[in-house]
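Counting along the sequence shown from 1, when you hit position 177 you're at 407 in the working numbering, and nothing is skipped either side. The beta-carbon is built from N, C-alpha and C at its ideal position, and this holds for glycine as well. Source: prediction; values computed, not measured.
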Amino acid sequence: MTSLMVEARDVWKRFGPVDVLKGINLDVARGSVVCIMGASGGGKSTFLRCINNLIPFDHGYVRVDGDLVGYREQRGRLHELSDKAVARQRAQIGMVFQQFNLFPHQTALQNVAAALIRVRRNPKAKALATAADALARVGLAHKAGAYPSQLSGGQQQRVAIARALAMEPKLMLFDEPTSALDPENVGEVLTVMKQLATNGMTMIAVTHEISFAREVADRLVFIDDGRVIEDAEPEKMLLNPSSERTKQFLARLL
Numbered sequence: 231m232t233s234l235m236v237e238a239r240d241v242w243k244r245f246g247p248v249d250v251l252k253g254i255n256l257d258v259a260r261g262s263v264v265c266i267m268g269a270s271g272g273g274k275s276t277f278l279r280c281i282n283n284l285i286p287f288d289h290g291y292v293r294v295d296g297d298l299v300g301y302r303e304q305r306g307r308l309h310e311l312s313d314k315a316v317a318r319q320r321a322q323i324g325m326v327f328q329q330f331n332l333f334p335h336q337t338a339l340q341n342v343a344a345a346l347i348r349v350r351r352n353p354k355a356k357a358l359a360t361a362a363d364a365l366a367r368v369g370l371a372h373k374a375g376a377y378p379s380q381l382s383g384g385q386q387q388r389v390a391i392a393r394a395l396a397m398e399p400k401l402m403l404f405d406e407p408t409s410a411l412d413p414e415n416v417g418e419v420l421t422v423m424k425q426l427a428t429n430g431m432t433m434i435a436v437t438h439e440i441s442f443a444r445e446v447a448d449r450l451v452f453i454d455d456g457r458v459i460e461d462a463e464p465e466k467m468l469l470n471p472s473s474e475r476t477k478q479f480l481a482r483l484l
C-alpha cells in the first residue's frame with residue numbers, strides 16, 4: 231500500500247487553443263488534507279476534476295491509491311479504460327461541488343441512497359440503512375425525510391457530503407463547497423469537513439476559507455495560470471509567502 235493517496239505528474243489540459251493546466255505536479259499523502267487556493271480561472275477546479283477523470287487530461291498522469299486514473303498500463307504503454315472501469319474508479323472518489331445537485335423530488339435519505347442503489351447495486355433496504363448512517367455522520371439524521379426545498383443551503387450541502395460519504399470513498403474532493411452558501415451556513419459545512427479530517431479522511435479542497443485552511447490543512451497549494459506556484463505548510467505560506475504572485479493574491483484575502 232503506497233503512502234501516497236494522490237500522485238499527479240506533469241498534468242496538462244487544453245480547452246481549444248488555451249492551456250488551462252500547464253504541467254501540474256502534486257503529491258497528497260494518505261490521511262492528509264491539502265487546500266488549493268488561487269484566483270478564478272487559474273485551473274484549480276479543472277485540476278480537481280482531472281483527479282477523478284470528470285475531465286480527461288491531455289498529458290501526464292494521475293494515480294489515486296497507486297492506480298492510474300482513466301488508464302491502464304500494459305507493456306509500457308497507456309490504454310484508456312472502458313466507461314465502466316472509469317465509473318468504478320470514480321465511485322471510490324467522493325466529490326462535493328459548489329452547487330448541491332440534489333434531486334428536488336427526493337428526500338434527503340433518498341438522495342443519499344440513490345448512488346448506492348444505481349451504481350453499487352445495493353438492495354434498497356441496505357442502501358437506505360447506509361444512507362441513514364451517512365446522514366447521521368453529518369448531523370442530519372433528523373432531516374432524513376425532508377426535501378431539498380425544505381433545507382437550508384448548508385443542510386443541502388451536508389446532504390451532498392453524506393451522499394459522497396455513503397459510497398465509502400478513499401479520497402474526498404471539495405470544489406469550493408461553501409462559495410454558494412450564505413455566511414451563516416458556512417460554519418456548519420466546515421465543521422463537517424473538520425470532522426472528516428480528524429477521522430483521517432484524505433481530502434483535497436479548493437477553498438478561499440483561510441481560517442479553515444490554517445486550522446485543518448497540512449499543506450496549502452497556490453495554483454495560478456495553470457501551474458503550482460507555491461506549496462507549503464499553511465502558516466509558512468500565509469505569513470511569509472515565497473512568491474510575489476502568492477503575496478498579491480493573499481493580500482486581497484487577509
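The beta strand (DSSP E) spanning residue i covers which residue range?
i: Ile459; result: Arg457 to Ala462
i: Gln304; result: Tyr301 to Gln304
i: Asn203; result: Absent from the structure is residue 203, since the part of the chain shown begins at 231 and ends at 484.
i: Ala238; result: Leu234 to Phe245
i: Met325; result: Ile323 to Val326
i: Ile285; result: Unbroken run through Ile285: none, as it is neither H nor E.
i: Glu310; result: Arg307 to Glu310
How should residue i be labelled, buried or exposed, when 16 other C-beta atoms within 10 angstroms of its C-beta is the threshold for buried?
i: Arg393; result: buried
i: Leu484; result: exposed
i: Val349; result: exposed
i: Phe287; result: buried
i: Gln360; result: With the sequence shown as reference, residue 360 is identified as Thr, and Gln is not the correct amino acid for it. Its Cβ being crowded by 16 or more others within 10 Å, Thr360 is buried.
i: Asp454; result: buried
i: Val248; result: exposed
i: Thr476; result: buried
i: Phe330; result: buried
i: Ala338; result: buried
i: Ala366; result: exposed
i: Ala315; result: exposed
i: Gly456; result: buried
i: Arg482; result: exposed
i: Arg351; result: exposed
i: Lys466; result: exposed
Can you give me the start and stop residues for the alpha helix (DSSP H) that residue i sits inside?
i: Ala338; result: Ala338 to Arg348
i: Leu358; result: Lys354 to Arg367
i: Ala392; result: Gly383 to Leu395
i: Leu483; result: Glu474 to Leu483
i: Leu426; result: Pro413 to Thr428
i: Leu370; result: Leu370 -> no alpha helix (DSSP H), and no H or E assigned at all.
i: Leu278; result: Lys274 to Ile281
i: Arg320; result: Asp313 to Arg320
i: Phe442; result: Ile440 to Val446
Between the alpha carbons of residue i and residue j, how many angstroms are there, rounded?
i: Ala376; j: Gln425; result: 24 angstroms
i: Gln340; j: Arg318; result: 21 angstroms
i: Asn470; j: Asp461; result: 12 angstroms
i: Val241; j: Leu284; result: 14 angstroms
i: Pro413; j: Gly383; result: 10 angstroms
i: Glu463; j: Leu381; result: 36 angstroms
i: Leu450; j: Gly271; result: 18 angstroms
i: Leu346; j: Val292; result: 26 angstroms
i: Asn415; j: His309; result: 44 angstroms
i: Gly417; j: Ala447; result: 16 angstroms
i: Pro334; j: Gln386; result: 11 angstroms
i: Ile391; j: Glu439; result: 18 angstroms
i: Phe245; j: Leu251; result: 10 angstroms
i: Leu395; j: Phe277; result: 21 angstroms
i: Gly306; j: Ala259; result: 26 angstroms
i: Glu474; j: Leu480; result: 10 angstroms
i: Ala364; j: Asn429; result: 14 angstroms
For residue i versus residue j, is the C-beta spacing smaller than 8 angstroms?
i: Pro407; j: Gln328; result: yes
i: Asn282; j: Val458; result: no
i: Lys400; j: Gln478; result: no
i: Ala355; j: Ala362; result: no
i: Gly273; j: Phe452; result: no
i: Cys280; j: Ala443; result: no
i: Met433; j: Met397; result: no
i: Leu311; j: Gly296; result: no
Compute the beta-carbon to beta-carbon distance between residue i and residue j, rounded to the nearest angstrom, for a pair I have assumed lies under 8 angstroms.
i: Val342; j: Phe404; result: That belief does not hold up - the Cβ atoms of Val342 and Phe404 are roughly 17 angstroms apart, past 8 angstroms.
i: Leu275; j: Val436; result: According to the sequence provided, residue 275 is Ser. The question's Leu does not apply to it. Between Val436 and Ser275 the Cβ distance is about 6 angstroms, and since that is below 8 angstroms, they are a contact.
i: Val422; j: Leu411; result: Their Cβ separation, rounded to whole angstroms, is 12 angstroms, which puts Val422 and Leu411 out of contact at 8 angstroms.
i: Ala389; j: Leu298; result: Correcting the residue type first, residue 389 is Val in the shown sequence and not Ala. The pair is not a contact, with the Cβ atoms about 32 angstroms apart (cut-off 8 angstroms).
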